[in-house]
Amino acid sequence: MPAFLRAHDKGLEFALEDFNLLGRSPDASIRLNDGGVSRQHATVRRDGNLYWLSDLGSANGSFVNDVAVTTARALRHGDRIQIGTCVFVFETSEAAQAGDAVTSSQMLHTVALPMKSIKATLLVGDLRNFTSISAQLSAEQVAAMLREWYADCERILKPRGAIIDKFIGDGVFAYWAGDDVSIREQATEAARLLSSPDASESPVRKKMREEMNLEVYCHIGINIGDVALGAMGRGVNTAVGEAVNVAFRIESLTRTLKVPVLVSASFISGWPGGLRHFKNVGIHPVKGQPEPVEVYALIESGE
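Under our numbering, the residues of the sequence shown are numbered 110 to 412, in order.
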């Protein structure tokens, strides 16, 4: 589906590829010569017929229709995108516009349906030290690294039954519908692979390791809890709920505890073999939660 970003006041048009890096860097896919724009500011990524905008932790943020982008945002024809003082309109081809109208109609029908509440296993992953690493790379290298990271997530998560809910800049949110032992084992294996520096022998990672002494791997947080699952305002299925928020907070806690993978007590509860893979690392306060959470760290090989 051809799509474009059209500069609001300058008449410029940028054709979007499958992966696009927006920023001030000279080798960004779409270069924005604006002091309020970060070197690697945001990405637009195609997934099927949808284009997703993600902010890369920029200093001044990215906005769609005057709303700050805090998670990956599916774009629709006519959306107004602001990055720094640069304003764009997201446009699709005439054929795609016709399809978009059908999609919108279907979306309204879907949104009218109640969301389904399920027990789910939730995984949040985030590249470690992405901001400091990307500062040492060209925009082209950052774009290549993110493309490979997304590909790694799909290669590791999907065959193990996970549904990738969304990519969020340098992060990923995925879930399994259910919480049985086989799902926990699959989630544990996925976390172990994603958190390893050897998760991918991609050309970019290999070059960064050998020539720049930079290791790229991610931190993982996993939780189990009740979520509401269904189509949101864009007609895109997603999982929402307090259990999702806790999963994100647990992933953030990995930095404080300096471990690559943390899971909640609910992930261990009811799984007799869980303590073969994880060790208790205590009860810790997390932002946004009235009570501290008990967490377990993945036992690494050789421990």
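Heads up, the beta-carbon is just placed ideally off N, CA and C, and yes, glycines get one too.
Could you check which residue in Leu159, Cys195, Phe376 has the C-alpha nearest to that of Leu175? According to the sequence displayed, residue 175 carries Asp and not Leu. It is Cys195.
With a 10 Å radius around its C-beta and 16 neighbouring C-beta atoms as the bar for buried, classify Thr179 as buried or exposed. exposed
Which value, in whole angstroms, describes the spacing of the CA atoms of Glu126 and Arg140? Cα-Cα distance, rounded: 14 Å.
Across which residues does DSSP place Thr347 in a beta bridge pair? Thr347 pairs with Gly339.
With Asp261 as the anchor, note down where its beta strand (DSSP E) starts and where it stops. No beta strand (DSSP E) contains Asp261, which is instead part of the alpha helix (DSSP H) from 248 to 266.
From Ser226, Ser378, Thr297, pick the residue whose C-alpha is nearest to that of Val349; which is it? Ser226
For Ser304, name the three-state secondary structure that DSSP assigns. coil
Count the CB pairs spanning the region 402 to 411 and the region 369 to 384 that are closer than 8 Å, and state whether there are at least three. yes
Return no unless some Cβ of chain D is closer than 8 Å to the Cβ of Pro268. Chain labels in this structure do not include chain D; a single protein chain is all it has.
Leaving out five residues on either side along the sequence, give the residues of the same chain with a beta carbon under 7 Å from the beta carbon of Ala296. Thr230, Leu232, Trp285, Ile331
Please state whether DSSP places Asn129 in a helix, a strand or coil. strand
Apart from the five residues on each side of it in sequence, which residues of its chain come closer than 7 Å, Cβ to Cβ, to Trp380? Val290, Arg293
Indicate the three-state DSSP secondary structure (helix, strand or coil) for Ile408 in the structure shown. coil
Apart from the five residues on each side of it in sequence, which residues of its chain come closer than 8 Å, Cβ to Cβ, to Asp118? Val196
Close-in-space but distant-in-sequence residues of the same chain around Ser243 (CB under 7 Å, 5 per side omitted): Cβ-Cβ distances below 7 Å link Ser243 to Gln149, Val251 in the same chain, with the five nearest sequence neighbours on each side left out; the list follows chain order.
Which same chain residues, not among the five before or five after Ala300, have their C-beta less than 6 Å away from its C-beta? Ile329, Val370
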